[in-house]
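Listed in order, the protein sequences are those of chains A and B.
Just so it is clear: in the first sequence, position 31 is 31 by the numbering used here, and no numbers are missing.
To convert a position in the second sequence, counted from 1, into the numbering used here, add 1000.
Glycine residues also receive a C-beta, built at the ideal position from the N, C-alpha and C atoms.
2 protein chains.
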Amino acid sequence: MKDLKSLIRTIPDFPKSGILFRDITPILQDGEAFKQVILTFKKETPKNVKKVVAIESRGFIFGSPLSYLLGVGFVPIRKSGKLPWKKIKMEYDLEYGVDTIEIHQDGIKKGERVILIDDLLATGGTAFASVKLIEKCGGIVEKILFLVELTDLNGRERLKDYDVFSIIKF
Amino acid sequence: MKDLKSLIRTIPDFPKSGILFRDITPILQDGEAFKQVILTFKKETPKNVKKVVAIESRGFIFGSPLSYLLGVGFVPIRKSGKLPWKKIKMEYDLEYGVDTIEIHQDGIKKGERVILIDDLLATGGTAFASVKLIEKCGGIVEKILFLVELTDLNGRERLKDYDVFSIIKF
């Protein structure tokens, strides 16, 4: 087993001054470490899940192998304007301004149990909006998976009504 | 075996007037069809490949399960400003203007054989720039994989010095 946390590269002042960015690419580049991550996510996934929903774009990197391994469909949540067909939308507040995420109308069936996955849990704003978007589609969020959790930012509190799992905590 | 081509949804006038957009999300949403795609890519990958390089962001969806199955590292190529660490860049011409793609400096080792993967081959502009970026890093592109190829746009001609494979042709 690899020590995944030690593979994370910390970049000061990215994308802006004062932010310590946790760069996950050294884990991705390491075939053995990447496999360990995906197998951990698989182990954490409840058996009754019928779709993997992943948040653009780093969430795609973890969601699609999980979807492959489970043999269930993969559904992308994307930023506004990227998905081409009929969409359901959710707005959410940023520090300054508002952002919108979208999902295709036929991505999740009513009553379908899903996993939500992304690379990083910070304040939980995007994940919370994604959960609400899935629920607007009639889906049931069984569990939310992250590679990295920044515990100081209390994202887990924001998602307290849901089962949240993260592999690496800072 | 599923008929993958029949699952593609064609959207007129997206992202702009006059363009027929080939929407691949119905394939992703179908666990069995998605698995068929990934296993086809695996079968097409030469044995000596040491990295899977995927183009943001739909390329990630196919590149990461392939990387998982091969047990080799996954390296993202991203649009300008997205990668946090030391980067190598490549500019390329668009219809109007110029775009830049980037890769982390430590993503590919000198002499490493890689697969390049993306969802769609159109004119081949982004794929060609990606190949050149990989070669600037010292990597060797063994093969280029696409889910969909728009044959009218002659992307294959642009990539004629490379081994190109696509699953679905329009």
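Express the C-alpha separation of residue j and residue i in angstroms, rounding to a whole number.
i         : j         : result
ILE11/A   : LYS1035/B : 36 Å
LYS1136/B : ILE1088/B : 8 Å
SER1166/B : ILE1027/B : 15 Å
ASP1119/B : PHE1062/B : 7 Å
GLY1059/B : GLY1125/B : 15 Å
GLU1157/B : VAL1148/B : 16 Å
MET1/A    : LYS110/A  : 39 Å
PHE128/A  : ILE1168/B : 36 Å
GLU133/A  : GLY1107/B : This sequence places Leu at residue 133/A; Glu is not what is there. Their backbone Cα atoms lie some 35 Å apart in a straight line.
SER1057/B : PHE1074/B : 13 Å
GLY1139/B : GLU1044/B : 19 Å
SER1006/B : ASP1023/B : 11 Å
LYS86/A   : ILE1055/B : 25 Å
ASP161/A  : LYS82/A   : 29 Å
ILE77/A   : TYR92/A   : 14 Å
ALA33/A   : ASP3/A    : 8 Å
Report the option in the options whose CA atom is closest to the CA atom of residue i.
i         : options                            : result
SER1130/B : LEU1153/B, LEU1159/B, LEU1020/B    : LEU1159/B
SER1017/B : ASP152/A, TYR162/A, PRO84/A        : PRO84/A
ASP1163/B : ARG1113/B, TYR1092/B, ASP1093/B    : ARG1113/B
ASP152/A  : ILE19/A, ILE55/A, ASP13/A, ALA33/A : ILE19/A
With a CB to CB cut of under 6 Å and the five nearest residues on each side skipped, what residues in its chain are close to residue i?
i         : result
PHE1041/B : LEU1066, LEU1145
LEU1150/B : ALA1122, PHE1170
LEU977/B  : There is no way to answer for residue 977/B, as the model of chain B reaches only from 1001 to 1170.
MET1090/B : ILE1101, ALA1129, LYS1132, LEU1133
Suppose the cutoff is 7 Å on Cβ atoms and the five residues either side in sequence are ignored; what does the same chain contact list for residue i look like?
i         : result
GLY1031/B : none
VAL1072/B : VAL1049, LYS1050, LYS1051, VAL1052
SER80/A   : THR100, GLU102
ASP1013/B : ILE1019
Short of 8 Å in beta carbon distance, which residues of its chain neighbour residue i, apart from the five on each side in sequence? Order them along the chain.
i         : result
PRO950/B  : Outside the displayed span of chain B (1001 to 1170) sits residue 950/B, for which this structure offers no information.
ILE1038/B : PHE1062, PRO1065, LEU1066, LEU1069
THR25/A   : ARG9
GLN1105/B : TRP1085, LYS1086, LYS1087, ILE1088, CYS1137
ASN154/A  : THR123, GLY124
Exposed or buried, which one is residue i when buried takes at least 16 other CB atoms within 10 Å?
i         : result
GLN1029/B : buried
GLU1095/B : exposed
ILE103/A  : buried
GLY97/A   : exposed
PRO1046/B : exposed
Do residue i and the ligand NAP come close, with the Cβ less than 8 Å from some heavy atom?
i       : result
ILE27/A : For the structure depicted, the ligand NAP is absent and the ligand set is empty, with no information on it obtainable.
Between residue i and chain E, is any beta-carbon pair separated by less than 9 Å?
i         : result
PHE1146/B : Protein chains in the displayed structure are A and B, and chain E is not among them.
- Task: Could you please tell me which residues of the region 68–83 of chain A, in chain order, have their CB closer than 9 Å to any CB of chain B?
- Result: Result list: TYR68, LEU69, LEU70, GLY71, VAL72, GLY73, PHE74, VAL75, PRO76, ARG78, GLY81, LYS82, LEU83.
- Message: Please identify, using Cβ separations under 8 Å, the residues of the region 27–41 of chain A that lie next to chain B, in order along the chain.
- Response: Only those residues of the region 27–41 of chain A whose C-beta falls short of 8 Å from the nearest C-beta of chain B are listed: LEU28, GLN29, ASP30, GLY31, GLU32, PHE34, LYS35, ILE38.
- Message: Please list, in chain order, the residues of the region 120–145 of chain A that have any C-beta partner in chain B closer than 8 Å.
- Response: none
- Message: Using a Cβ-Cβ cutoff of 9 Å, what residues of the region 83–107 of chain A are near chain B? List them in chain order.
- Response: LEU83, PRO84, TRP85, HIS104, ASP106, GLY107
- Short-range partners of chain B found in the region 44–56 of chain A, where Cβ spacing is below 7 Å: Within the region 44–56 of chain A, those residues whose Cβ lies closer than 7 Å to any Cβ of chain B are, in chain order, GLU56.
- Using a Cβ-Cβ cut-off of less than 7 Å, list which residues of the region 1004–1026 of chain B approach chain A; keep chain order. ARG1009, ILE1011, PHE1014, PHE1021, ASP1023, THR1025
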